[in-house]
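Everything below concerns the one structure shown next.
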């Protein structure tokens, strides 16, 4: 195994149970890794400093120096190095504490099947590889941003090139949107894309702040989603199909990028055969609006933490049916900024429902009713985005 082509991956195993230590290192070597072994934490840290391994497996309770001390030292000196802790059955609380201190995973003794251990190792290394790639990608984008800041118009063209066509008709469904940035570059982003012939992914994201730094996050967001589109095509990895899983991945990766930015998002999957729309909400306001064929409308349920503030967030899936003659409308929160300032949020929420119903899915009509005229060269206080998914 290798993190980089042509270089074998190095793993350090620390455990005071000699038989288990030898068994694990032998198994890892047979699996193609370079394995180092240490019988206590002190010896393990000496090897760590000398060999700079790609991953560490450590027991918790050992003589001389325990696993928590090892984890703490590695976290401070090499935070990108994944650590998997191995705990006895009665040490679950210690294992949980280790996870809080930054351990990537934990395994419980006895390890009856070493394939379970290898699976955990592979997952930890895959995550490290993705973080490394994202950091490299972030560095490249950061360099590009310096150029974009010198030429905002060119930057706008680059960002616009990443967006889907403003209108897309697939079978009996129509996807359409409009984005109006408050600055040249937008922190809002939308996308709709084919996962399979009959299933489309769709999302609206609103990055904190405005301008170039927020626009960079939209580029990173598109890149991450594109990776999981590719994973589905290559090995049928189903993450892209599951709004909770996809949003959790996005939250983890944007948090890990340490860019001091977060985003709110509505991420959904539209089945063009069953008419089912499965979606998740990550801190986004307002919620999606469903307009029924009888011209009634309501906000769809759903809530969740914004994406990228903390890792390991659990998101919930919501479902609705989009029947013929019905449509979904999603806004970024900038729409509330341009509505009558004397109205409180409850009144604005109701007014927005009425506007959406009367517009019959026409975006310019919605915007005009909200008080926004894109032809007027007046800088609005926030980016404004509208996304519509309709079933003809």
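In this note's numbering, the protein residues as written are 8 to 399. Yeah, the Cβ is synthetic: ideal placement off N, Cα and C, and Gly gets one too.
Answer yes or no: do residue 360 and residue 304 have a C-beta to C-beta separation smaller than 7 Å?
Yes, they are a contact pair.
Identify the residues that DSSP records as bridge partners of residue 305: which are they?
The partner list for residue 305 (beta bridge, DSSP) reads 297.
Given this structure, state the Cα-to-Cα distance separating residue 390 from residue 291, to the nearest angstrom.
If I take the Cα positions, the gap works out to 14 Å.
Report the residue ranges of all beta strand (DSSP E) runs contained in full by the stretch 182-227; include only those spanning at least 3 residues, in chain order.
Taken in chain order, the complete beta strand (DSSP E) segments of 3 or more residues contained in the stretch 182-227 are 195-201 and 206-214.
Rounded to whole angstroms, what's the CA-CA distance from residue 27 to residue 77? Just pull it up for me.
Approximately 19 Å between the Cα atoms of the pair.
Please report the straight-line C-alpha distance between residue 21 and residue 105, rounded to a whole angstrom.
Our two residues, residue 21 and residue 105, have alpha carbons roughly 15 Å apart in a direct line.
For residue 287 and residue 311, which I take to be in contact (beta-carbon distance under 8 Å), what is that distance rounded to the nearest angstrom?
The C-beta distance from residue 287 to residue 311 rounds to 6 Å, short enough to fall under 8 Å.
What does the alpha-carbon distance come out to for the pair residue 224 and residue 30?
Rounded to whole angstroms, residue 224 to residue 30 spans 45 Å at the Cα level.
Where residue 120 falls, given that 16 or more other Cβ within 10 Å makes a residue buried:
Residue 120 should be labelled exposed.
The alpha helix (DSSP H) with residue 55 in it runs from where to where?
For residue 55, the enclosing alpha helix (DSSP H) stretches over residues 48-58.
Using alpha carbons as the reference points, say which of 241, 242, 260 and 240 lies closest to residue 229.
The shortest C-alpha separation from residue 229 is found at 260.
Measuring only the C-alpha atoms, how far is residue 41 from residue 149?
C-alpha separation (whole angstroms): 35 Å.
Using the Cβ count rule (16 or more neighbours within 10 Å means buried), how would you classify residue 268?
Using a 10 angstroms sphere on the CB of residue 268, the tally of other CB atoms reaches 16 or more, which defines it as buried.
Between 84, 171 and 102, which has its C-alpha nearest residue 73's C-alpha?
Nearest option by C-alpha distance: 102.
Given this structure, state the Cα-to-Cα distance separating residue 341 from residue 392, to the nearest angstrom.
Distance between the alpha carbons of residue 341 and residue 392: 7 Å.
Leaving out five residues before and five after residue 198 in sequence, what residues of the same chain have Cβ atoms less than 8 Å from its Cβ?
Take residue 198, set aside five residues on each side of it, and the residues of its chain with a beta-carbon closer than 8 Å to its own are 170, 171, 208, 209, 210, 229 and 232, in chain order.
Where does residue 43 sit, in a helix, a strand or coil, going by DSSP?
If DSSP states are grouped into helix, strand and coil, residue 43 belongs with the strands.
Just to confirm the assignment, what range does the beta strand (DSSP E) spanning residue 177 have?
Where residue 177 is concerned, the enclosing beta strand (DSSP E) starts and stops at 174-177.
DSSP bridge partner residues for residue 66 (one or two, in chain order)
93.
What is the DSSP secondary structure of residue 329, counted as helix, strand or coil?
Shown here, residue 329 sits in coil according to DSSP, grouped into three states, outside any helix or strand.
What's the gap between the Cα of residue 54 and the Cα of residue 46?
CA-to-CA, the gap between residue 54 and residue 46 works out to about 11 Å.
Where does residue 244 sit, in a helix, a strand or coil, going by DSSP?
Coil at residue 244, not helix or strand.
Kindly indicate which three-state DSSP category residue 80 falls into: helix, strand or coil?
Three-state DSSP puts residue 80 in a helix.
If we ignore side chains and look at the alpha-carbon of each, how far apart do residue 307 and residue 166 end up?
Roughly 30 Å separates the two Cα atoms.
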